[in-house]
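One line per chain: the protein sequences are A and B, in this order. Last residue of the first sequence: 435 (the working numbering), numbering continuous. Last residue of the second sequence: 435 (the working numbering), numbering continuous. For glycine and all other residues, C-beta sits at the position ideal for the given N, C-alpha and C. The structure displayed is predicted, hence computed values, not measured ones. The structure appears below as structure tokens.
2 protein chains.
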Amino acid sequence: LDSGMFVHVRMMLNEMPPSDVAHLLESSPPRARNLLWKLVNVEREGDILNYLNDEIRNHFVDQMAPEHLAQALEGLEVDDLADILGELPESVYLEVMASMSEQDRHRVEAALIFPEDTAGGLMNLDTITVRPKVTVDVVSRYLRMKGLPDTTDSIYVVDTHDRLLGAVSLASLITSRQEVLVEELLNDNVETILATMPANEVAQIFERRDLLSAPVVDEEGRLLGRITIDDVVDVIREEAEHSLMSMAGLDEADDTFAPVWSSARRRAIWLGINLLTVLVAAQVIGIFESTIQVVTALAILQPIVPSMGGVAGTQTLTLVIRGISLGHVVAGNSRWLIMKELGVSVINGILWAVAVGTLTYFWFQDLPQAPMLAISIGGAMVVNLIVGVFAGATLPMILRKFNMDPALSGGVILTTITDVVGFFTLLGFATLFFV
Amino acid sequence: LDSGMFVHVRMMLNEMPPSDVAHLLESSPPRARNLLWKLVNVEREGDILNYLNDEIRNHFVDQMAPEHLAQALEGLEVDDLADILGELPESVYLEVMASMSEQDRHRVEAALIFPEDTAGGLMNLDTITVRPKVTVDVVSRYLRMKGLPDTTDSIYVVDTHDRLLGAVSLASLITSRQEVLVEELLNDNVETILATMPANEVAQIFERRDLLSAPVVDEEGRLLGRITIDDVVDVIREEAEHSLMSMAGLDEADDTFAPVWSSARRRAIWLGINLLTVLVAAQVIGIFESTIQVVTALAILQPIVPSMGGVAGTQTLTLVIRGISLGHVVAGNSRWLIMKELGVSVINGILWAVAVGTLTYFWFQDLPQAPMLAISIGGAMVVNLIVGVFAGATLPMILRKFNMDPALSGGVILTTITDVVGFFTLLGFATLFFV
């Protein structure tokens with residue numbers, strides 16, 4: 001790229017599938033990325049934007065003139081269009097809409113009624129519908145005329161009020177004779193999805209039922225559109241990544257190759273939050289300064305208890321967060337789960353209390369305080385592991401009650417608790433013995 | 001369930017789809033789970049086993065007699081069958097195989113040639129193949145006779161040596177006239193997958209191309225089978241979960257409701273590894289015991305620097321691990337990424353060094369050592385943030401060279417580094433000033 005063979009690169013870019021161009025842009029540092037983007041043909045920009053992650057897409061969209069953007073977005077599927085337009089500032093959005101054809105405008109407005117993270121926001125409007133009383137032959141001729149949208153595996157059967165009666169798979173259309181009526185092939189046991197259903201529940205249904213597509217209906221059972229597996233795959237990927245990234249204080253839409261300054265600004269916030277929590281822990285140590293003055297060994301042993309409590313708590317927290325997002329952990333079994341995790345923490349607490357206590361005793365056996373140090377650290381270990389695990393098991397449920405994201409705030413709150421309790425119990429026990 | 005209405009529960013269980021029964025079993029504590037499993041009808045056990053996660057499935061399979069298992073597994077798709085049988089101990093495997101029909105036995109043996117995490121291990125053998133010179137009418141009659149397997153969106157066209165020529169979608173079969181030849185509808189630009197391709201690359205291709213299915217071929221281009229999106233969704237889910245769970249020292253197949261003892265045993269290992277690393281950090285503090293004796297304030301400030309370095313490093317580590325698994329981070333751009341992350345760490349290092357230094361100065365302003373404490377902690381902060389971020393950016397690449405899993409071992413190694421460097425720099429700078 002640096003060698004300046006622009007013509008050659010432009011040709012290659014415009015022969016690659018849009019998803020590959022998007023992948024290339026996502027894998028490029030900012031300077032190369034902007035250069036590559038300029039080499040893309042205008043009529044392919046819409047398709048490529050569609051495959052880009054939110055942050056990079058918004059970056060490019062912000063630079064485009066509204067009429068240019070409207071032109072680039074022509075021909076996109078309506079759910080993808082709504083995704084892109086839904087994130088624009090009001091004024092740009094109105095300008096882009098004004099540059100679009102009336103038909104497209106109506107479609108986008110219909111799609112934007114539903115929030116992005118619901119079934120309505122995921123759905124496409126390109127359903128093919130037929131009536132129950134027509135023959136396979138008529139359907140075939142109709143499809144030949146109209147064409148089939150991508151990833152269509154079923155067509156839908158509706159009554160005169162657009163209410164969904166069921167689905168007919170392409171497979172059954174092919175394997176039946178021409179004179180058969182659609183209603184004889186009708187599968188009326190098809191999984192229908194309410195437009196207001198949250199996207200993650202939609203994903204769970206698709207995963208559990210191995211669906212390729214599903215019809216979306218309103219409260220009255222009228223067919224609104226369909227959701228296809230390729231959109232659901234994105235939801236599954238994003239949801240699973242969300243937990244991973246949030247636990248490190250990152251956003252799943254974060255661009256790996258974002259410029260230094262914007263990365264630094266975002267990370268600074270998370271470091272600042274962490275500083276506040278560790279200052280609380282430092283204050284706790286401050287309470288016991290006089291004890292440390294007497295027994296300096298405490299300063300050496302100090303990091304062990306909070307660290308072990310943090311690790312044990314984080315394991316439980318991760319397990320419960322994953323359990324909730326898979327739908328395994330629900331109100332009915334959470335009490336059992338908390339009791340089980342407490343059982344695990346008692347066993348490990350005692351095990352590692354004995355191990356660390358023994359180790360401490362022999363490490364500081366030259367000191368007269370060695371037995372008391374061993375007992376202090378052992379006792380603190382048991383308490384902190386139980387507290388950490390209890391916090392790990394209950395925090396996700398509590399945070400969700402307050403509509404907070406357990407993956408984002410759970411880890412910070414947890415380690416604050418295990419740090420404070422860890423320092424307080426170790427130094428507290430020691431103070432009881434030595435002061 | 002406790003009320004003993006077994007008949008009622010049994011009826012409900014056997015009316016639910018197998019995937020829902022599997023979900024119910026996964027969400028139940030061990031006692032209820034074993035009870036529910038006993039109430040499932042034998043002929044449904046195979047389907048349900050197929051939907052269960054590895055750990056719970058193995059638990060049930062271990063309890064089943066080989067003939068019983070062979071009977072339960074009848075009718076499963078061959079890739080699923082191979083998954084289950086591939087994990088059995090040799091002796092049980094041979095017994096189960098002996099109880100199966102000869103045809104099934106051959107299919108399983110063919111599927112077990114390829115490791116589970118390759119395209120060959122994911123593929124199904126239920127492809128429908130036709131020759132190029134037949135008409136749509138003939139194909140339709142053939143399909144009517146033979147039936148179409150689930151989630152079929154394309155049939156494949158092969159030559160007389162079984163070499164793949166291309167695919168014909170069901171959609172194009174429906175929308176074309178009966179007398180058209182298959183070769184006229186042939187898409188010869190179909191994405192073919194080599195049987196030896198790793199499963200995560202298969203998943204990336206499916207995601208990027210929005211595929212529903214793809215043909216699997218051997219080195220000579222002969223059609224071996226096909227991969228369908230439902231199997232790929234499982235790969236995507238597992239891969240994304242793998243990073244999340246590994247970073248907490250858990251296995252993505254871990255059962256949330258495992259019994260207390262088996263959970264405690266597994267977690268103990270991770271806590272033991274963590275104890276070793278924190279003991280290393282404690283040894284570093286021990287080196288500077290005499291300095292702490294002179295300035296006890298150091299014991300209070302001690303946790304701040306390692307904590308901030310650990311957080312900054314973990315953010316980078318998580319970003320890079322995700323980038324690698326998405327295929328964004330490759331050899332060509334890793335140098336740019338490391339430089340960028342170092343830039344971020346320098347900015348944040350200086351920012352938080354000034355903040356923490358100022359804070360320390362005013363916190364301990366009554367002490368004569370306050371200015372020197374502020375300088376020590378600020379200097380340590382800059383060094384540790386840079387070291388932490390550098391380790392976070394380079395560790396995943398180094399660990400992969402040694403075939404180690406960065407998500408599993410990366411976090412432990414990283415925090416050991418940030419703990420050691422954090423304590424060493426803070427206490428080291430302080431010692432230079434005060435001793």
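Of all C-beta pairs linking the stretch 363-378 of chain B to the stretch 395-409 of chain B, fewer than three are shorter than 8 angstroms, placing the two stretches out of contact. The C-beta separation of residue 299 of chain A from residue 304 of chain B comes to about 14 angstroms, leaving the pair out of contact by the 8 angstroms criterion. In this structure, residue 186 of chain B sits near residue 166 of chain B, with a CB-CB distance shorter than 7 angstroms.
Following the DSSP letters along the chain, one finds residue 214 of chain A inside the beta strand (DSSP E) bounded by residues 213-217. Of the residues B:426, B:149, B:137 and B:130, the one whose Cα lies closest to the Cα of residue 297 of chain B is B:426. In the three-state scheme derived from DSSP, where H, G and I count as helix and E and B as strand, residue 28 of chain B is classed as coil. Distance from the CA of residue 344 of chain B to the CA of residue 336 of chain A, rounded to the nearest whole angstrom, comes to 44 angstroms.
At a cut-off of 7 angstroms, the C-beta of residue 102 of chain B has no neighbouring C-beta in chain A. Any Cβ of chain B closer than 7 angstroms to the Cβ of residue 27 of chain A would place that residue at the interface, and such an atom is present. By the Cβ-count criterion, residue 318 of chain B is buried, with 16 or more other Cβ atoms from all chains shown falling within 10 Å of its own Cβ.
At the C-beta level, residue 316 of chain B and residue 268 of chain B stay beyond 7 angstroms of one another. Put simply, the stretch 321-332 of chain B touches the stretch 243-258 of chain A. At least three CB pairs are less than 8 angstroms apart. DSSP places residue 410 of chain B inside the alpha helix (DSSP H), whose first and last residues are 406-434. Residues are counted here when their Cβ sits less than 8 angstroms from a Cβ of chain B; for the stretch 117-149 of chain A these are 140, 143, 144, 147 and 148, given in chain order. Among the residues of the stretch 151-179 of chain A, those with a Cβ less than 8 angstroms away from any Cβ of chain B are 151, 152, 153, 170, 171, 173, 174, 175, 176 and 177, in the order of the chain. Across the structure, residue 46 of chain B and residue 89 of chain B are spaced so that their CA atoms are roughly 18 angstroms apart. Residue 6 of chain B counts as exposed, since fewer than 16 other C-beta atoms from the protein chains shown sit within 10 angstroms of its C-beta. Within chain B, the residues placing a beta-carbon under 7 angstroms from that of residue 352 of chain A are 271 and 275, ordered along the chain.
Straight-line spacing of the CA atoms in residue 134 of chain A and residue 263 of chain A works out to 59 angstroms. Taking one beta carbon from each stretch, the stretch 237-252 of chain B and the stretch 385-392 of chain B have fewer than 3 pairs nearer than 8 angstroms; the two do not touch. For residue 208 of chain B, the enclosing alpha helix (DSSP H) stretches over residues 199-209. A residue is called buried when at least 16 other Cβ atoms come within 10 angstroms of its Cβ; residue 323 of chain A meets this threshold and is buried.
Here residue 370 of chain B is near residue 361 of chain B, since their CB atoms are less than 7 angstroms apart.
For residue 169 of chain B, the enclosing beta strand (DSSP E) has its first and last residue at 164-169.
Here residue 92 of chain A carries a helix assignment [DSSP, helix/strand/coil]. Counting only runs that start and end inside the stretch 224-267 of chain B, there is no beta strand (DSSP E) element of at least 3 residues.
DSSP places residue 99 of chain B in the coil class of the three-state scheme, outside both helix and strand.
Taking a beta-carbon distance threshold of 7 angstroms, residue 79 of chain A does not count as an interface residue toward chain B. Put simply, of B:270, B:429 and B:76 the residue whose alpha carbon is nearest the alpha carbon of residue 382 of chain B is B:429.
Taking a beta-carbon distance threshold of 7 angstroms, residue 394 of chain B does not count as an interface residue toward chain A. In the three-state reduction of the DSSP assignment, residue 192 of chain B falls in the coil class, being assigned neither a helical nor a strand state. The beta carbon of residue 31 of chain A sits no closer than 7 angstroms to any beta carbon of chain B. Around residue 21 of chain A, the same chain offers 13, 40 and 48 as residues with beta carbons nearer than 7 angstroms, after the five sequence neighbours per side are excluded.
With a contact defined as Cβ atoms closer than 8 angstroms, residue 79 of chain B and residue 143 of chain B miss out at about 22 angstroms.
With fewer than 16 other Cβ atoms inside 10 Å of its own Cβ, residue 280 of chain B counts as exposed.
Residue pairing from DSSP places residue 156 of chain A in a beta bridge opposite A:129 and A:167.
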